[in-house]
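In order, the protein sequences belong to chains A and B.
Quick note on the working numbering: the first sequence kicks off at 25 and runs consecutively.
Quick note on the working numbering: the second sequence kicks off at 11 and runs consecutively.
These notes concern the structure reproduced below.
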Amino acid sequence: MTPEATSALLRTSAVVVGTVIFQLAVVTQFRPFGVVPDLTPVLVAMIGLLAGSTAGAAAGFTAGFMIDLILLQTMGVSSLLLTIGGYAAGRLRELRDPVHPVTNPAIGAAAGVYFALGFAVVQFSLGLPAPRLWPLLWQTLWSGAYGALLAAPVFRLARWAMMPGLGRGDPMIRRRRAVLAPTSVLEKPTINQRSRGRRITNRRRRHR
Amino acid sequence: MPNRKQIRRRRFTALGLIVVSIALLTAYFNEAASGALHSIQRGAMEVLSPLQDLASGAIKPARDLVNWVGDSFDAKSENKKLKRQLTDARIQAARLQQADSENKKLRALVGFNESDRFPGGRSPVVARVIVRSPTDWFARVTIDKGSSAGVRVNQPVIADGALAGKVTSVSGHAAQVTLLTDSSSGVGAVVSGKNILGIVQTGSGGEVGAEDLQLSYIRQRGTIRVGNMVVTSGTVSDPALVKSLFPAGIPIGSVSKVDLEERQLYGRVHLTPFADMRDLRIVEVLTRGKQ
Numbered sequence: 025m026t027p028e029a030t031s032a033l034l035r036t037s038a039v040v041v042g043t044v045i046f047q048l049a050v051v052t053q054f055r056p057f058g059v060v061p062d063l064t065p066v067l068v069a070m071i072g073l074l075a076g077s078t079a080g081a082a083a084g085f086t087a088g089f090m091i092d093l094i095l096l097q098t099m100g101v102s103s104l105l106l107t108i109g110g111y112a113a114g115r116l117r118e119l120r121d122p123v124h125p126v127t128n129p130a131i132g133a134a135a136g137v138y139f140a141l142g143f144a145v146v147q148f149s150l151g152l153p154a155p156r157l158w159p160l161l162w163q164t165l166w167s168g169a170y171g172a173l174l175a176a177p178v179f180r181l182a183r184w185a186m187m188p189g190l191g192r193g194d195p196m197i198r199r200r201r202a203v204l205a206p207t208s209v210l211e212k213p214t215i216n217q218r219s220r221g222r223r224i225t226n227r228r229r230r231h232r
Numbered sequence: 011m012p013n014r015k016q017i018r019r020r021r022f023t024a025l026g027l028i029v030v031s032i033a034l035l036t037a038y039f040n041e042a043a044s045g046a047l048h049s050i051q052r053g054a055m056e057v058l059s060p061l062q063d064l065a066s067g068a069i070k071p072a073r074d075l076v077n078w079v080g081d082s083f084d085a086k087s088e089n090k091k092l093k094r095q096l097t098d099a100r101i102q103a104a105r106l107q108q109a110d111s112e113n114k115k116l117r118a119l120v121g122f123n124e125s126d127r128f129p130g131g132r133s134p135v136v137a138r139v140i141v142r143s144p145t146d147w148f149a150r151v152t153i154d155k156g157s158s159a160g161v162r163v164n165q166p167v168i169a170d171g172a173l174a175g176k177v178t179s180v181s182g183h184a185a186q187v188t189l190l191t192d193s194s195s196g197v198g199a200v201v202s203g204k205n206i207l208g209i210v211q212t213g214s215g216g217e218v219g220a221e222d223l224q225l226s227y228i229r230q231r232g233t234i235r236v237g238n239m240v241v242t243s244g245t246v247s248d249p250a251l252v253k254s255l256f257p258a259g260i261p262i263g264s265v266s267k268v269d270l271e272e273r274q275l276y277g278r279v280h281l282t283p284f285a286d287m288r289d290l291r292i293v294e295v296l297t298r299g300k301q
């Protein structure tokens with residue numbers, strides 16, 4: 025393993041463990057609109073989106089394992105859900121490589137809704153009496169909204185943690201590349217590319 | 011582009027982690043409370059509780075500020091309600107004072123032993139809430155006092171002078187409290203002054219901060235009125251039967267609704283808990299002193 029990858033791994037592990045403790049000890053003290061914002065699924069999704077399915081699944085398993093351990097809940101429930109969530113976000117990056125500015129909030133919202141609903145489904149299948157429908161729906165909706173709102177800062181945090189190992193895979197660089205360069209030779213160039221092209225042509229003429 | 015080997019390795023890793031999660035889930039579900047996984051959880055609680063305590067304490071000013079803003083909004087409406095309650099309480103206090111002096115005289119006459127009454131024989135240990143369950147599926151909190159402070163499993167936990175829950179897991183310096191609003195909770199209770207027994211359970215299947223509790227399995231629902239106080243009975247079902255984990259006479263809540271439509275074999279009425287489950291910060295564990 026390269027020193028950059030080791031550094032990224034250590035930083036990401038610290039961020040995952042720190043976020044879980046921060047979530048359970050600090051964030052749970054606040055319940056805006058009766059729902060606790062959940063950072064963990066958003067962080068796991070962002071790690072998957074940044075570093076791929078293996079990293080996403082591993083981060084999800086670690087975070088879930090810690091949540092179940094600290095809250096003395098049924099072991100395996102959160103780790104199962106977050107492993108699948110992290111893997112799915114990673115697969116999305118590997119297959120589609122989304123670079124649209126709305127990607128992060130959308131993935132954050134999806135992660136929040138997925139975790140709230142997935143947790144409900146697993147607990148219900150384990151035989152726990154379900155909360156009433158309306159509070160459950162309310163919680164799911166707000167989890168999605170919080171996920172969308174938290175996506176930007178959590179993405180920054182995950183990117184900072186993984187920076188040494190990202191290299192050319194950094195989505196910020198990929199996004200800029202996607203805006204500046206056409207993906208196909210048949211594609212119409214953007215205004216930026218047209219002016220850049222004009223500048224290059226003018227420079228060549230002057231040289232002649 | 012990743013090659014076939016890389017793709018296979020990725021799939022294998024994810025699948026392996028999912029299998030481990032399912033294996034953990036199955037093992038934990040079939041395991042007794044003294045099992046290995048439960049012990050690991052208690053160990054982790056012991057190791058991580060100082061960190062959580064530190065993190066929870068560090069945000070106290072911010073939390074106080076947020077709560078102050080929230081409390082200011084609620085203060086006006088609450089003021090009216092409290093004034094009305096104060097008037098009722100004054101009348102009740104005058105009556106109780108008289109009854110209390112009579113009671114003392116009668117107890118002295120018959121030599122009644124008070125050891126089972128709250129807080130007699132119990133020494134309350136004050137603890138701070140350091141972790142809360144973030145989902146609506148569990149109403150559990152972790153407190154910063156454990157077995158080193160005399161906290162033991164099944165001891166009652168009091169907040170705002172009323173029953174909030176019981177201790178369900180203990181490590182050296184932390185303990186987990188399962189609140190009355192958790193789906194697994196149930197407390198033998200009696201409607202104060204009416205001798206109507208029942209069991210207090212959550213009205214919503216374990217919703218954190220739920221305002222609704224239910225007094226179930228009661229036989230004489232007709233005589234219960236809105237506003238009646240419900241306290242712990244000190245017994246499981248009948249005074250002549252098994253003793254409850256909770257000493258008698260701890261306030262739980264007041265009757266908020268008597269639903270006559272709920273026609274069942276046993277009656278059921280709705281309660282509003284006195285303890286603010288939504289905003290538990292400081293609690294008292296009724297211990298039997300350091301053992």
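C-beta: ideal position from N, C-alpha, C; glycine also.
Within 7 Å, strictly: CB atoms of residue i and residue j
{"i": "B:Ile228", "j": "B:Gly203", "result": "no"}
{"i": "B:Asp161", "j": "B:Val187", "result": "The sequence as given places Val at residue 161 of chain B; Asp does not occur at that position. For B:Val161 and B:Val187, no; Cβs fall outside 7 Å."}
{"i": "A:Tyr111", "j": "A:Gly136", "result": "no"}
{"i": "B:Gly156", "j": "B:Ala185", "result": "yes"}
{"i": "B:Asp146", "j": "A:Pro159", "result": "yes"}
{"i": "B:Ser31", "j": "A:Ser149", "result": "no"}
{"i": "A:Met186", "j": "A:Leu74", "result": "yes"}
{"i": "B:Ala159", "j": "B:Val136", "result": "no"}
{"i": "A:Leu181", "j": "A:Val66", "result": "no"}
{"i": "B:Ala54", "j": "A:Leu93", "result": "yes"}
{"i": "B:Leu290", "j": "B:Arg132", "result": "no"}
{"i": "A:Gln96", "j": "B:Ser59", "result": "Per the sequence shown, the amino acid found at residue 96 of chain A is Leu instead of Gln. No, they are not a contact pair."}
CB-CB length for residue i against residue j, believed under 8 Å
{"i": "B:Trp27", "j": "A:Gly100", "result": "Sequence check: residue 27 of chain B is Leu here, not Trp. Between A:Gly100 and B:Leu27 the Cβ distance is about 11 Å, and since that is not below 8 Å, they are no contact."}
{"i": "B:Leu61", "j": "A:Ile45", "result": "6 Å"}
{"i": "B:Gly263", "j": "B:Val240", "result": "6 Å"}
{"i": "B:Ala372", "j": "B:Ile260", "result": "Nothing in the structure corresponds to residue 372 of chain B, since chain B is present only between 11 and 301."}
{"i": "A:Leu152", "j": "B:Ser193", "result": "6 Å"}
{"i": "A:Val68", "j": "A:Ala49", "result": "Wrong, their Cβ atoms sit about 19 Å apart, outside the cutoff."}
{"i": "B:Lys210", "j": "B:Leu281", "result": "According to the sequence as given, residue 210 of chain B is Val; it is not Lys. Rounded, the Cβ-Cβ distance is 7 Å, consistent with contact."}
{"i": "B:Pro144", "j": "A:Val60", "result": "4 Å"}
{"i": "A:Phe143", "j": "A:Leu105", "result": "6 Å"}
Under 7 Å from the C-beta of residue i: neighbouring residues of chain B
{"i": "A:Val60", "result": "Pro144"}
{"i": "A:Phe179", "result": "Those do not exist, as A:Phe179 stays about 21 Å from chain B at its closest Cβ, beyond 7 Å."}
{"i": "A:Tyr111", "result": "Ala24"}
{"i": "A:Ser77", "result": "Arg20 and Ala24"}
In DSSP terms, what residue i is bridged to
{"i": "A:Leu33", "result": "The partner list for A:Leu33 (beta bridge, DSSP) is empty, contrary to what the question assumes."}
{"i": "B:Gln211", "result": "B:Gln224"}
{"i": "A:Val126", "result": "For A:Val126, which the question treats as bridged, DSSP gives no partner whatsoever."}
{"i": "B:Arg142", "result": "B:Val151"}
{"i": "B:Gln95", "result": "Paired residue(s): none; B:Gln95 is not in a bridge."}
{"i": "B:Ser179", "result": "B:Gln186"}
{"i": "B:Gly263", "result": "B:Val240 and B:Pro283"}
{"i": "B:Ser133", "result": "B:Thr297"}
{"i": "B:Gly198", "result": "B:Ile209"}
{"i": "B:Val268", "result": "B:Val279"}
{"i": "B:Ala169", "result": "B:Ala172"}
{"i": "B:Ile292", "result": "B:Arg138"}
Amino acids of chain A, ordered along the chain, whose beta-carbon sits closer than 7 Å to that of residue i
{"i": "B:Tyr38", "result": "Thr98, Met99 and Gly100"}
{"i": "B:Ile69", "result": "Val50 and Gln53"}
{"i": "B:Gln51", "result": "Leu93 and Leu96"}
7 Å CB neighbourhood of residue i in its chain, flanking five on each side removed
{"i": "A:Gly76", "result": "Gly114, Arg117 and Glu118"}
{"i": "B:Ser243", "result": "Gly198, Ala199, Val200, Leu207, Ser254 and Ala258"}
{"i": "B:Asp170", "result": "Phe284, Ala285 and Asp286"}
{"i": "A:Gly168", "result": "Ala133, Gly136 and Val137"}
{"i": "B:Asp126", "result": "Per-residue confidence for B:Asp126 stands at a pLDDT of 48, beneath the threshold of 50, marking its modelled position as unreliable; the derived number appears in the next sentence. Excluding positions up to five away in sequence, the list reads Gly244, Pro257 and Ala258."}
{"i": "A:Pro125", "result": "none"}
{"i": "A:Leu141", "result": "Thr164"}
{"i": "B:Asp63", "result": "Ile140 and Asp154"}
{"i": "B:Glu56", "result": "Ser181, Gly182, His183 and Ala184"}
{"i": "B:Thr38", "result": "The sequence given here places Tyr at residue 38 of chain B; Thr does not occur at that position. Cβ within range, chain order: Leu47."}
{"i": "B:Gln165", "result": "Lys176, Val177, Val295, Leu296 and Thr297"}
Per-residue contacts from residue i into chain B (C-beta, under 8 Å)
{"i": "A:Leu48", "result": "Gln62, Val141, Arg142 and Pro144"}
{"i": "A:Thr107", "result": "Ala24, Leu27, Ile28 and Ser31"}
{"i": "A:Ile45", "result": "Leu58, Leu61, Gln62 and Ala65"}
{"i": "A:Ala82", "result": "Thr23 and Leu27"}
Partner residues on chain A for residue i, Cβ-Cβ distance less than 8 Å
{"i": "B:Phe148", "result": "Leu95 and Gln97"}
Same chain, Cβ closer than 6 Å to residue i, neighbours up to 5 away in sequence not counted
{"i": "B:Gly175", "result": "Val167, Val187, Thr188, Leu189 and Leu190"}
{"i": "A:Asp121", "result": "none"}
{"i": "B:Arg19", "result": "none"}
{"i": "A:Gly171", "result": "Val66, Gly132, Ala133, Ala135 and Gly136"}
Other residues of its chain near residue i: CB distance less than 8 Å, five sequence neighbours each side excluded
{"i": "A:Ala29", "result": "Pro188 and Gly189"}
{"i": "A:Ala38", "result": "Ala185"}
Closer than 9 Å at the beta carbon, the chain A residues around residue i
{"i": "B:Leu190", "result": "None at all; the shortest Cβ gap to chain A is about 14 Å."}
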